[in-house]
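Under our numbering, think of the first position of the sequence shown as 40, with each following residue one higher. Quick reminder that beta carbons are idealized off the backbone N, C-alpha and C, glycines included. Fair warning: this is a prediction, and the values are worked out from it, not measured in the lab. Heads up, the thing below is written out as structure tokens.
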Amino acid sequence: MTQKTEILYHLNKKRSQSASSKAIELVSPDVQRSVACFHQSLPGYHPTPLAKLTQLAKHLGISDLWVKSEASRFDLKAFKVLGASYAIGKLLAKDLRLDVNKFTFEQIVSQALKFRNLTFVTATDGNHGRAVAWTANRLGCKAVIYMPKGSSKVRLEAIQNLGAEASIINGNYDDAVRLAAKHSNEKGWILIQDTSWPGNEEIPINIMQGYITLLTEAFQQLEGKWPSHIFMQAGVGSLAAALQAFLCNYRDKPRPFFTVVEPTEAACFYKSMIMADGKPHAVHGDLDTIMAGLACGEPSEIAWEILQENADAFIACSDQAAIKGMRVLGNPLEGDDQVISGESGAVTTGLVYELLNNPMFNELAEQLGLRSDSKVLVISTEGDTDPEYYRKVVW
């Protein structure tokens, strides 16, 4: 018997009516140009597709449903490489005294001998570590990657196949982050982590800025249409905060209703909002969810500052929402494109489906302002990064 989807929610009644200056500055026009210049110089760069699911939108009773699919990003099947590559590229560009507002991959590679002894270290549930390993591999640098217990062996091997030293530790994701930071300090390695804390902000900010490419592509692909609603998943919150900051720069447009989505077992942003003291709070334990990319117990402090001020709602949902999303996207209605989406990528589609298709959630859908004229944007942040598990769910 199929388990029911569970949803917990918090509406942010303290959301700021005006965009915060910090959010606007994070992805200023100069930053957007710098990110675009770098990513477009990477060999193999091409925009990932935006699927317009017209038939599914009709079935759900809304005007539009768009899914930005990251399954083909540099053959890595996930968006994470955008942040890791830009953060590493900008770090090296500064060291090489290049123009940080206009540097390219070719400029950095041409002087690769200067940093071939560098080692980058990070913690990951899979996608971010693979992105760091991929970037280090192309630059001739070393990479050391730590993964939490329970991590997929397939994802571990994908990282190792890129030449990185990768291992699964006996601890959760946040333990892996602390280990990476410890070894960075002790061994002189460079920490490439999107979780921020006092004293560790520059790299996380650069990673967040790297995600802008995904957002720029998506809004260009909308061809002038503007979403009324955006559902965005959060692990440590970097992509969600980057998207919120990106939207804050469009002050001439109506702000879409923005919902942050997390697994119930790793809902650190939802917990922080419920605590209502203005501080980020951690979720402890094994963080047991199939959404490996979202199994993060501690919010990035930079992301927390932006999202608590600007997001409209925070939702924690059970794994069934991700499973539903994987099946709905993988088995489209006639006329819609198929989207191959992994556990962490599909949860927002699954949530939207449940909100609009399950009478249990009619009242919540109304509170979120979902109506017949709603135009909904979601981002499928990963493809089938664990193909065997993907087939197990979808078949």
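Closest in alpha carbon position to Glu-421, among His-78, Ala-117, Gly-227 and Gly-332, is Ala-117. In the three-state scheme derived from DSSP, where H, G and I count as helix and E and B as strand, Ser-357 is classed as coil. DSSP places Asp-103 in the uninterrupted beta strand (DSSP E) bounded by 103 to 108.
Measuring C-alpha to C-alpha distances from Gln-232 to each of Ile-269, Glu-241 and Ala-96 identifies Glu-241 as the nearest. Distance from the CA atom of Val-183 to the CA atom of Leu-195, rounded to whole angstroms, is 12 Å.
Closest by C-alpha distance to Val-417, out of Ser-311, Leu-261, Asp-325 and Asn-396, is Leu-261. Cβ-Cβ distances below 6 Å link Gln-359 to Gln-42 and Thr-44 in the same chain, with the five nearest sequence neighbours on each side left out; the list follows chain order. Straight across, the Cα-Cα distance linking Arg-112 with Val-275 is about 21 Å.
Taking every protein chain shown into account, the CB of Ala-151 has fewer than 16 other CB atoms within 10 angstroms, so this residue is exposed. Taking 9 Å as the cut-off, the Cβ atoms of Ala-361 and Met-330 count as close. Listed in chain order, the non-local C-beta contacts of Ser-55 below 7 Å within the same chain comprise Glu-348 and Asn-349, local neighbours out to five positions each way being set aside. Within its own chain, the residues whose Cβ lies closer than 8 Å to the Cβ of Asp-138, once the five positions on either side in sequence are excluded, are Ala-132, listed in chain order.
According to the DSSP assignment, Ser-55 belongs to no beta strand (DSSP E), since it is labelled neither H nor E.
Judged by beta-carbon spacing, Gly-324 lies beyond the 9 Å limit of Asp-164, meaning their Cβ atoms are not closer than that value. Gly-168 and Trp-228 have their C-alpha atoms some 15 Å from each other. Met-365 carries a helical assignment under DSSP once its states are collapsed to helix, strand and coil. Excluding the 5 residues flanking it on each side, Val-433 has same chain C-beta neighbours closer than 8 Å at Met-365, Arg-366, Gly-369 and Asn-370, in chain order. For secondary structure counted as the beta strand (DSSP E) over 3 or more consecutive residues, the region 89 to 141 holds these complete runs in sequence order: 89 to 91 and 103 to 108. Going by C-alpha positions, Leu-50 is about 26 Å away from Tyr-250.
Between the C-alpha atoms of Ser-102 and Pro-266 there is a straight-line separation of about 10 Å.
Secondary structure note for Ile-269: its beta strand (DSSP E) is the uninterrupted segment 268 to 272.
The Cβ atoms of Leu-390 and Phe-270 sit closer than 9 Å to each other. Annotation: Phe-154 is outside any alpha helix (DSSP H) and is labelled neither H nor E by DSSP. Counting along the chain, the unbroken alpha helix (DSSP H) around Lys-226 starts and ends at 212 to 226.
In the DSSP assignment, Thr-388 falls within the unbroken alpha helix (DSSP H) covering 382 to 396.
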